[in-house]
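Heads up, the first sequence is in our numbering, so the first residue is 2 and it goes up one at a time.
Step one of this worksheet: look at the structure below.
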Amino acid sequence: MLELSYIRDNKETVLKGLRKRNFNEEGLEIVSKVLELDDRRKEIQSQLDQYLNEANILAKQIGDLMKTGKQDEAQALKADVAAVKDKSKLLEEEIKQVKDNLEEKLLTIPNIPHESVPAGKSSDDNFVYKDWTNSFPQLWPGAQPHWELAEKYNLFDLALGAKISGSGFPLYRGKGARLQRALIAFFLDNAVKEGYEECQPPLLVNEATARGTGQLPDKEGQMYYAEKDDLYLIPTAEVPLTNIYRDVIVAEKELPMLLTGYTPCFRREAGSYGAHVKGLNRVHQFDKVEIVRFEHPDNSYNSLLIMLEHVESLLQALELPYRILRLCGGDMGFTSALTYDFEVYSAAQQRWLEVSSVSNFETFQTNRMKMRFKDENGKNRFAHTLNGSALALPRIVASLLENHQTENGIRIPEKLVPYTGFEWIN
RNA sequence: GGUGAGAUGGGUGAGUGGCUUAAACCAACAGUUUGCUAAACUGUCGUGCGGGUGACCGUACCGCGGGUUCGAAUCCCGCUCUCACCGCCA
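Written out as structure tokens, the structure reads:
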């Protein structure tokens, strides 16, 4: 959620930012609308405070009169209080309406893209920030896509997963299951080495938590929901990890705070079926190691670059061809100010697969969550949040299997061997 | 699932209708003292909103939501959560 004071002081910047997100002139009216509502809110607040002040003074007088035995005079004042109360009641109702309306509108405004974010309609307009300049792995004619390799080497079984749960719930087994565990441990170890604190959060979260990071009300349909208990299955560890600091004010020197966690992630992905979702390309349940940072606003963009390097180092260790995209305004998530996507090349499918999304949310999430730090002047300010996948497993596995396949089996990258305990899948 | 107790500021915890934004203690921060550390002493030490250049002023907030009252942390109702014990259970 954008800060109202920010919208007020930077209206032109906000409008420019929303245009980058392809808001038309009609859509942009929301900005003026919000400011008008806020003006009205302030107006009512002033008047209301005045009435309440009057009532408080009268109540005190009544108390004093009662104590000194002047019952009659006290009774007379009670009528005055009642009159003031009537007026304040009306204003209270009105201000509640205005506030609700304001909040509702504010929640529909996405984050303002960073000035460096290119305009654009869709993923076609994303800017290649760092391209893969080496040659791609050359596969021989008999090379197979990962779903065929999985069958050949008994690594995972989608049909079996479908029997047990439904489509999109892979069942890993044998060396496939071991590979999952190895990747998770490898990613976690690397995050911890970078200074992130390892966490194991709950996988089901309540409404306030889902709201804090912006999954609600924006992406309600994307989450699985356990109705009986009013809990949501997390679509990413970002949700529970970031909410650790909901409604918390920390000392400035505590920043930055770095958290990492492995969790399964659950996504309904309603409506996405077809050729692109074959194999592990898109599933309802997958494993991911997430990194989350709470940063001082002055440092957040620098830290974003540090996160990029971290994710890059993982992909290099796994010896996978990758590229980094800078998302355009039209393709960026609702809550993000700047997002880099990482894609690995799937040699057998001959296309890029997204494996990580690293974003700076600035104060968009912390404003919703009321997560602040006390600055050197004793003022409470919203911290910046950042997060990124480091990494999401399924497409890494897909790419790993496809790119490292040989006629004699699939080679495990050297850095991963200590985790898998085997050098070859064959 | 059953029974009981509870929810107050960063923490412990006092506070049963007006003198309470809320005692006291601890932690934290600043200063004095000191060769250094420690101790001692002094001071500061909640959040949102509105107003003001500002010191400040007003207002709301004692788990959440209602209610009673001129006036509620305090009384009433509903909800949520926590803790303890029992049952079930990895």
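Where a beta carbon is used, it is the ideal one built from N, C-alpha and C, also for glycine.
Residue i to residue j span [Cα, whole Å]
| i | j | result |
| --- | --- | --- |
| A183 | E195 | 18 Å |
| E270 | I96 | 39 Å |
| P322 | P265 | 25 Å |
| F295 | S304 | 10 Å |
| E74 | D101 | 41 Å |
| G18 | F128 | 17 Å |
| L401 | A348 | 10 Å |
| R324 | V32 | 36 Å |
| Q181 | L394 | 7 Å |
| R396 | R42 | 49 Å |
| N409 | R174 | 20 Å |
| R373 | V293 | 16 Å |
| R268 | K416 | 30 Å |
| A391 | S314 | 10 Å |
| N23 | Q286 | 32 Å |
| H311 | N388 | 12 Å |
| S136 | T367 | 42 Å |
| T109 | L306 | 29 Å |
| A209 | N300 | 28 Å |
Strand pairing of residue i, partner residues [DSSP]
| i | result |
| --- | --- |
| P265 | D288 |
| H277 | DSSP lists no partner for H277. |
| G410 | T407 |
| A238 | The partner list for A238 (beta bridge, DSSP) is empty, contrary to what the question assumes. |
| V129 | L326 |
| S124 | None, per the DSSP bridge assignment. |
| W141 | Paired residue(s): none; W141 is not in a bridge. |
| I245 | None, per the DSSP bridge assignment. |
| F295 | M258 and T386 |
Any non-hydrogen atom of the ligand FAD closer than 6 Å to residue i Cβ
| i | result |
| --- | --- |
| M67 | The ligand FAD is not part of the structure shown, which contains no ligands of any sort. |
Residue i, enclosing beta strand (DSSP E) - first and last residue
| i | result |
| --- | --- |
| E355 | R352 to E363 |
| V251 | I250 to A252 |
| F188 | Segment K176 to K194 is the alpha helix (DSSP H) holding F188; no beta strand (DSSP E) there. |
| K153 | Unbroken run through K153 is the alpha helix (DSSP H), H147 to Y154; no beta strand (DSSP E). |
Three-state secondary structure (DSSP) of residue i
| i | result |
| --- | --- |
| N112 | coil |
| E221 | helix |
| T340 | strand |
| R22 | coil |
| M2 | coil |
| K371 | coil |
| A393 | strand |
| A348 | coil |
| L417 | helix |
| L172 | strand |
| L204 | coil |
| L321 | coil |
Nonlocal neighbours in the same chain, by C-beta distance under 6 Å from residue i, ignoring five residues either side
| i | result |
| --- | --- |
| K146 | Per the sequence presented here, residue 146 reads as Pro, with Lys not at that position. Hits under 6 Å: A349 and Q350. |
| D158 | L172 |
| Y420 | A183, A186 and F187 |
| L319 | P414 |
| H405 | I411 and R412 |
| V193 | E199 |
| D39 | L5 |
| K122 | G331 |
Close Cβ partners of residue i (< 8 Å) along its chain, the five nearest in sequence each way excluded
| i | result |
| --- | --- |
| I165 | L172 |
| D81 | L59 |
| N207 | D231, L232 and Y233 |
| N253 | For the sequence presented, residue 253 should be read as Glu rather than Asn. Cβ within range, chain order: H297, F374, K375, D376 and E377. |
| W425 | N409, G410, I411, R412 and I413 |
| T14 | I113 |
| A144 | A348, A349, E403 and Q406 |
| I63 | A75, L78, K79 and V82 |
| L92 | I45, Q48, L49 and Y52 |
| N155 | R174, G175, K176 and G177 |
Alpha helix (DSSP H) segment containing residue i, residue limits
| i | result |
| --- | --- |
| A384 | It is not in any alpha helix (DSSP H) - A384 carries neither H nor E in the DSSP assignment. |
| E313 | S301 to A318 |
| K164 | L159 to I165 |
| E198 | That residue, E198, is in no alpha helix (DSSP H); its beta strand (DSSP E) goes E198 to C200. |
| R212 | E208 to G213 |
Cut-off 7 Å between Cβ atoms - residues of its own chain near residue i, not counting five sequence neighbours on either side
| i | result |
| --- | --- |
| E344 | Y323, R324, L326, W353, L354, E355 and V356 |
| I8 | V15, V32, V35 and L36 |
| K21 | P114, V118, A120 and G330 |
| Y130 | I325, L326, R327 and Y341 |
| P203 | P241 |
| L189 | E199, T261, Y263 and V290 |
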